[in-house]
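What follows is one structure encoded as structure tokens, with my remarks underneath.
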Amino acid sequence: MGDVVPANCSARSRAVEVSVATLLALECVLGLLGNVVALWTFFFRLKVWKPYAVYLLHLVVADLLLTFCLPFHAAFYLRRKTWSFGHVSCQTLHFLQVLSRGVGIAFLTAVALDRYFRVVHPRLKVNLLSCRAAWGVSGFIWLLLLGLTHQSLFVSEATCPNPDPGVDLSFSIVWQEALFFLQFIFPFGLLLFCNARIIRTLQKRLRDPDKQPKLQRARALVTVVVVLFAVCFLPSFLARILMAIFQGAGGCRALGPMVHVSDVASSLTYLQSVLNPVLYCFSNPAFRHSYRKVFNTLRGRGRDTEAPGDIRDSYS
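Sequential numbering from 1290 applies to the sequence shown in our numbering.
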């Protein structure tokens, strides 16, 4: 058994707790609005379906699942980081959060890989993947993440939903931490690689003006994925590393503030559900039209006067 960190290392900060709860509430409202509009667009506005559109649809489902968990997580912080809804509900919420976040990362990576193969290796057979096959790939991703994240159902009361410094970590928590690091390092490295290769390919084909619009859109799409991934997950990744370093050193002066930094950084991971609609807007004009229409309605401008026309795949 390791050394127990003094209790004041995990001293509560009401300002941090209220700030995190407020951020989670905003993420819930904005994420719900953005993803409901996206879901409506998928079913009623999208004219042409491609494999990447299937992946984006599953990304919307994962984001909505994550969004529904946020009010409970905000209540946890408003109650000074205490859970009063029962241990089973805490385990269920924790599992849904871990699952939906992992699935979201997987489908973000799938979208970037789809763009990479179509631009950098257009002659490979993987580019002939049908929508039915993409649904099969999506089902495999959900099953894989269910298998990888099921350990989150077995967290103890002392570590649910968030473990404090000094608490003996169970196998379930250690597994989740290792999975979080792998879910950041491997996809982020892959996204950087795809983005670099697409940019290089674009530079080589500058003399072909017919291919430029398609390549530029593909580069923009993958770049947006990289930026969104970094904004949402890099702060939490760095905070967890610093937490492990300070906790291992046994020092309390730096570990106490790092707990608060980690709480704020972890709340940023849920920005994924808010910012992903930016990705949809880059993928297809149907989404830009839908979001513009909602934005104009909220501003009181009434119906959007722009004619939707025949909205089709941006990457056809």
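C-beta atoms are modelled at their ideal positions from N, C-alpha and C, and glycine is treated no differently.
Assigned exposure category for residue i - 16 Cβ within 10 Å defines buried
{"i": "Pro1476", "result": "buried"}
{"i": "Val1513", "result": "buried"}
{"i": "Gly1478", "result": "exposed"}
{"i": "Val1511", "result": "buried"}
{"i": "Ser1378", "result": "exposed"}
{"i": "Pro1411", "result": "exposed"}
{"i": "Ile1534", "result": "exposed"}
{"i": "Gln1561", "result": "buried"}
{"i": "Ser1572", "result": "buried"}
{"i": "Ser1419", "result": "exposed"}
{"i": "Thr1438", "result": "buried"}
{"i": "Arg1407", "result": "buried"}
{"i": "Gln1536", "result": "buried"}
{"i": "Asn1332", "result": "For the record, residue 1332 in the displayed sequence is Phe; it is not Asn. Label assigned to Phe1332: exposed."}
{"i": "Gly1425", "result": "exposed"}
{"i": "Phe1482", "result": "exposed"}
{"i": "Leu1413", "result": "exposed"}
{"i": "Ala1422", "result": "exposed"}
{"i": "Ala1507", "result": "buried"}
{"i": "Ala1304", "result": "exposed"}
{"i": "Arg1417", "result": "Reading off the sequence, residue 1417 comes out as Leu, not Arg. The residue in question, Leu1417, is exposed, as its Cβ has fewer than 16 Cβ neighbours within 10 Å."}
Alpha-carbon spacing of residue i relative to residue j, whole angstroms
{"i": "Thr1381", "j": "Leu1319", "result": "23 Å"}
{"i": "Ser1441", "j": "Ile1474", "result": "20 Å"}
{"i": "Ala1310", "j": "Leu1355", "result": "15 Å"}
{"i": "Gly1369", "j": "Ser1302", "result": "Note on residue identity: the sequence assigns Arg, not Gly, to residue 1369. About 8 Å."}
{"i": "Trp1431", "j": "Leu1313", "result": "25 Å"}
{"i": "Tyr1366", "j": "Phe1429", "result": "35 Å"}
{"i": "Leu1402", "j": "Pro1340", "result": "11 Å"}
{"i": "Val1307", "j": "Leu1523", "result": "23 Å"}
{"i": "Asp1352", "j": "Val1337", "result": "23 Å"}
{"i": "Glu1316", "j": "Leu1335", "result": "26 Å"}
{"i": "Ala1363", "j": "His1383", "result": "13 Å"}
{"i": "Leu1397", "j": "Arg1390", "result": "11 Å"}
{"i": "Ala1509", "j": "Phe1460", "result": "40 Å"}
{"i": "Leu1517", "j": "His1578", "result": "21 Å"}
{"i": "Cys1521", "j": "Leu1471", "result": "15 Å"}
{"i": "Tyr1559", "j": "Ala1467", "result": "19 Å"}
{"i": "Val1563", "j": "Val1415", "result": "31 Å"}
{"i": "Leu1447", "j": "Gly1375", "result": "For clarity, residue 1447 is Ala in the given sequence; the question names Leu instead. Looking at the two C-alpha atoms, the distance is approximately 12 Å."}
{"i": "Val1392", "j": "Val1409", "result": "25 Å"}
{"i": "Val1400", "j": "Leu1568", "result": "10 Å"}
{"i": "Ser1525", "j": "Leu1557", "result": "8 Å"}
{"i": "Gly1323", "j": "Phe1357", "result": "13 Å"}
{"i": "Leu1346", "j": "Gln1505", "result": "23 Å"}
{"i": "Ile1530", "j": "Val1350", "result": "30 Å"}
{"i": "Leu1321", "j": "Phe1361", "result": "15 Å"}
{"i": "Ala1554", "j": "Leu1587", "result": "30 Å"}
Integer Cβ distance of residue i from residue j, believed to fall under 8 Å
{"i": "Thr1330", "j": "Ala1575", "result": "5 Å"}
{"i": "Ile1487", "j": "Tyr1405", "result": "6 Å"}
{"i": "Gln1465", "j": "Val1387", "result": "6 Å"}
{"i": "Trp1372", "j": "Pro1452", "result": "So it is not a contact: roughly 12 Å between Cβ atoms."}
{"i": "Asn1484", "j": "Val1515", "result": "5 Å"}
{"i": "Ala1395", "j": "Leu1435", "result": "Incorrect: roughly 12 Å between the Cβ atoms, too far for contact."}
{"i": "Leu1348", "j": "Asn1585", "result": "About 25 Å separates the two Cβ atoms, so there is no contact after all."}
Three-state secondary structure (DSSP) of residue i
{"i": "Cys1358", "result": "helix"}
{"i": "Asn1451", "result": "coil"}
{"i": "Pro1566", "result": "helix"}
{"i": "Gly1291", "result": "Residue placement at Gly1291 is flagged as unreliable, the pLDDT there being 37, under the threshold of 50; the coordinate-derived value follows with that caveat. It is coil, neither helix nor strand."}
{"i": "Ser1302", "result": "coil"}
{"i": "Leu1319", "result": "helix"}
{"i": "Val1337", "result": "coil"}
{"i": "Val1444", "result": "coil"}
{"i": "Arg1390", "result": "helix"}
Alpha helix (DSSP H) segment containing residue i, residue limits
{"i": "Pro1411", "result": "Per DSSP, Pro1411 belongs to no alpha helix (DSSP H) and is neither H nor E."}
{"i": "Phe1374", "result": "Per DSSP, Phe1374 belongs to no alpha helix (DSSP H) and is neither H nor E."}
{"i": "Arg1581", "result": "Pro1574 to Leu1587"}
{"i": "His1549", "result": "Leu1544 to Leu1557"}
{"i": "Val1426", "result": "Cys1420 to Thr1438"}
{"i": "Ser1461", "result": "Phe1460 to Lys1493"}
heavy atom of the ligand GTP below 8 Å from residue i C-beta
{"i": "Phe1365", "result": "Among the ligands in the structure shown, none appear at all, so the ligand GTP cannot be discussed."}
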